[in-house]
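S.K.: Numbering (the numbering used here), first residue to last: 210 to 665.
All C-beta atoms in this analysis are idealised placements derived from N, C-alpha and C, irrespective of residue type, glycine included.
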Ligand SMILES: Cc1ncc(COP(=O)(O)O)c(C=O)c1O
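1) Following a CB-centred definition, is residue 471 positioned closer than 8 Å to any heavy atom of ligand 1?
2) Do residue 509 and residue 553 count as a contact pair if the criterion is CB distance below 9 Å?
3) Based on the DSSP secondary-structure assignment, which residues constitute the bridge partners of residue 623?
4) Can you give, in chain order, each stretch of the alpha helix (DSSP H) that sits fully within the segment 411-457 and has at least 4 residues?
5) Classify residue 347 as buried or exposed, calling it buried when 16 or more other Cβ atoms lie within 10 Å of its own Cβ.
6) Sorted by chain position, which residues of the same chain lie with C-beta nearer than 6 Å to residue 630's C-beta, five sequence neighbours on each side aside?
7) Any heavy atom of ligand 1 closer than 8 Å to the Cβ of residue 590?
8) Taking buried to mean at least 16 other C-beta atoms within 10 Å of its own C-beta, is residue 379 buried or exposed?
9) Determine the burial state of residue 269: buried for a count of at least 16 other Cβ atoms within 10 Å of its Cβ, exposed for fewer.
10) Bridge partners for residue 548 per DSSP, in chain order?
11) Over the uninterrupted beta strand (DSSP E) stretch that includes residue 569, give me the two end residues.
12) Where does the unbroken beta strand (DSSP E) through residue 389 begin, and where does it stop?
13) Which value, in whole angstroms, describes the spacing of the CA atoms of residue 442 and residue 650?
14) Are the beta-carbon atoms belonging to residue 595 and residue 574 less than 9 Å from one another?
15) Do you know how far the Cα of residue 295 is from the Cα of residue 282?
16) Could you check whether the Cβ of residue 348 sits closer than 8 Å to any heavy atom belonging to ligand 1?
17) What do you reckon, are the CB atoms on residue 641 and residue 503 nearer than 9 Å?
18) Please state whether DSSP places residue 661 in a helix, a strand or coil.
19) Using the Cβ count rule (16 or more neighbours within 10 Å means buried), how would you classify residue 514?
20) Name the one or two DSSP bridge partners that residue 363 has.
21) Distance check for residue 557 and residue 237, CA to CA, integer angstroms please.
22) Between 333, 408 and 301, which lies nearest to residue 609 when the distance is taken from Cα to Cα?
23) With three or more C-beta pairs closer than 8 Å as the rule, is the segment 433-441 touching the segment 218-226?
24) Would you call the CB atoms of residue 372 and residue 521 closer than 9 Å?
25) At which residues does the alpha helix (DSSP H) containing residue 559 begin and terminate?
26) When every heavy atom of ligand 1 is checked, does at least one fall within less than 8 Å of the C-beta of residue 321?
27) Give me the residue from 324, 408 and 570 with the minimum Cα distance to residue 639.
28) Taking the runs of the beta strand (DSSP E) that are 3 residues or longer, which of them lie wholly in the segment 252-336?
29) If you check the beta carbons only, do residue 297 and residue 584 fall under 9 Å apart?
30) Would you call residue 588 buried or exposed, if buried means 16 or more other Cβ atoms sit within 10 Å of its Cβ?
Spelled out as structure tokens, the structure:
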């Protein structure tokens, strides 16, 4: 019988995270202070983050030790299996070998606890008592609820309203782990009240929820804010995924030709791909594909610019691909991909042509998700289905070219609490949304008054 899954023993879990800043051909441009236009220093970030995480955010050290207390919690489900999708290969009649890193086996059902647990730990040792955060699909809110319950921190989650309504069981998971979850825009912050007064039916967005969570953190005692994606330290914590995958491929004696992940703020994609991008930077041939929704085409259509990470314009200005911080994506079911910006690290690597961006429509991603569920049994998160759509396209290309290749993708989460999206798809109620040039131009106007990154 052929090998279906590759496991690592607990002893083989990676003990360090990989920091791609040590190897990037073009260094990151610094985040800027919106008032002065000057690079932000650690003190500017200290009202929102603890100093130990700020140090990681700016570090260029290649390897960073994972604290024992964090490893001990990660071992509850890690190392995650590397699995081979034989039935999907057969169904597609492809000579390609398709592997996936199964991050859906975590207690919260996605890759998000990899950083949630680390962030809760670092806040705890810094003496913080309470955290605030945003969540789109609810996966991040659940993951941080789990992390906070492990380290005894209070948590308030601002959940994008449309997802709050689509995914009631995610709220219950958060409450079960002891967190408080409210729909965003909420009436609990000045910014939330402002948005509701201007648009009572606003479905919310990650940008709005981030603004509410930051406002709460800076106006409350002993409280910091935690972000589930985008920032350098989040990408860092997720690299355990790719580092495990590399060990697992060594056991198989193989190396992927193509590495694929979906991108919202970039964290699951970075987690799987950055260790491979290190090899690529040093000459190895590997194609790396980042997949986003056509409805929120940040890296396929947005410009590379300085922009705010949130809608209220309270964060430092980040150098990234963006659709403009006021952009409110259409209410697609892949809530975790509805973000106007992109991780600066991922953005710079796209600019340097090390990552290939790609976008798919919602209907095609559900079709891919259904194919996967009916061949490989797992019902994936709508975000993950974007990666699967690209996997199927690459596997079909291999068939047409008559070329065997090894495809690896990140199965970033299961979709067992996302079934309303599947229901709408199966009932023929879902539609595709694309963004017109006119809408793009309108939402990019906010960038006109912001500083521009240096062209390198
Ligand atoms: C299952 C899953 N995959 C992917 C994402 C996208 O986020 P990121 O790009 O940070 O991995 C999310 C975000 O909520 C998610 O829940």
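M.R.: With the structure as the only source:
1) Taking the first residue of the chain shown as 1, we reach residue 471 at position 262. Yes, Cβ of residue 471 sits closer than 8 Å to a heavy atom of ligand 1.
2) Translated into the one-based positions of the chain shown, residue 553 becomes position 344. Translated into the one-based positions of the chain shown, residue 509 becomes position 300. The answer is no: Cβ separation not under 9 Å.
3) Position 414 of the chain shown, counted from the first residue, corresponds to residue 623. 589.
4) 415-428 and 441-447
5) Position 138 of the chain shown, counted from the start, is the residue given in the question as residue 347. When all chains shown are included, residue 347 counts as buried.
6) Position 421 of the chain shown holds residue 630. The answer, listed in chain order, is 542 and 591.
7) Residue numbering aside, residue 590 sits at position 381 when the chain shown is read from its first letter. Flag set: Cβ of residue 590 near ligand 1.
8) Counting from one through the chain shown, the residue named residue 379 turns up at place 170. By the neighbour-count rule (16 or more Cβ atoms within 10 Å), residue 379 is buried.
9) Your numbering for residue 269 matches position 60 in the chain shown. Classification of residue 269: exposed, given that the 10 Å Cβ count is below 16.
10) Within the chain shown, residue 548 is the residue found at index 339, counting from 1. Per DSSP, none; premise fails for residue 548.
11) On the chain shown, residue 569 is found 360 positions in, with the first residue counted as 1. Segment 565-569, the beta strand (DSSP E) holding residue 569.
12) Position 180 of the chain shown, counted from the start, is the residue given in the question as residue 389. Looking at the DSSP string, the run of the beta strand (DSSP E) that includes residue 389 is 389-393.
13) Indexing the chain shown from 1 puts residue 442 at position 233. Indexing the chain shown from 1 puts residue 650 at position 441. Straight-line Cα distance between these residues: approximately 32 Å.
14) For the purposes of this step, residue 595 is taken as residue 386 along the chain shown, with counting starting at 1. For the purposes of this step, residue 574 is taken as residue 365 along the chain shown, with counting starting at 1. Going by C-beta atoms, residue 595 is nearer than 9 Å to residue 574.
15) To locate residue 282, count along the chain shown from 1; it is residue 73. To locate residue 295, count along the chain shown from 1; it is residue 86. Using only the alpha carbons, I get a separation of about 32 Å.
16) Numbered from 1 along the chain shown, position 139 holds the residue referred to as residue 348. At least one heavy atom of ligand 1 is nearer than 8 Å to the Cβ of residue 348, so yes.
17) Position 432 of the chain shown, counted from the start, is the residue given in the question as residue 641. Position 294 of the chain shown, counted from the start, is the residue given in the question as residue 503. Yes; because the gap between Cβ atoms is below 9 Å, this pair is in contact.
18) The sequence position of residue 661 within the chain shown is 452, counting from 1. DSSP, reduced to helix, strand and coil, places residue 661 outside both helices and strands of the structure shown, so it counts as coil.
19) For the purposes of this step, residue 514 is taken as the residue at position 305 of the chain shown. So residue 514 counts as buried.
20) As a first step, residue 363 is located in the chain shown; it is residue number 154 there, counting from the start. Its beta-bridge partners are 339.
21) Walking along the chain shown from the start, residue 237 turns up at place 28. Walking along the chain shown from the start, residue 557 turns up at place 348. Looking at the two C-alpha atoms, the distance is approximately 7 Å.
22) One-based indexing of the chain shown puts residue 609 at position 400. Looking at the Cα atoms, 301 is the closest of the given residues.
23) Short answer: they don't touch.
24) Residue mapping note: residue 372 aligns to position 163 of the chain shown, counting from 1. Residue mapping note: residue 521 aligns to position 312 of the chain shown, counting from 1. No, the pair does not count as a contact, with Cβ atoms beyond the cut-off.
25) Numbered from its first residue, the chain shown carries residue 559 at position 350. First-last of the alpha helix (DSSP H) with residue 559: 553-560.
26) The residue you call residue 321 lines up with position 112 of the chain shown. Indeed, a heavy atom of ligand 1 lies less than 8 Å from the Cβ.
27) Position 430 of the chain shown, counted from the start, is the residue given in the question as residue 639. Nearest of 324, 408 and 570 to residue 639, Cα basis: 570.
28) 272-274, 291-293 and 306-311
29) Along the chain shown, one-based indexing puts residue 297 at 88. Along the chain shown, one-based indexing puts residue 584 at 375. Closer than 9 Å, so yes.
30) Reading the chain shown from its first residue, position 379 is the one you call residue 588. Burial call: buried.
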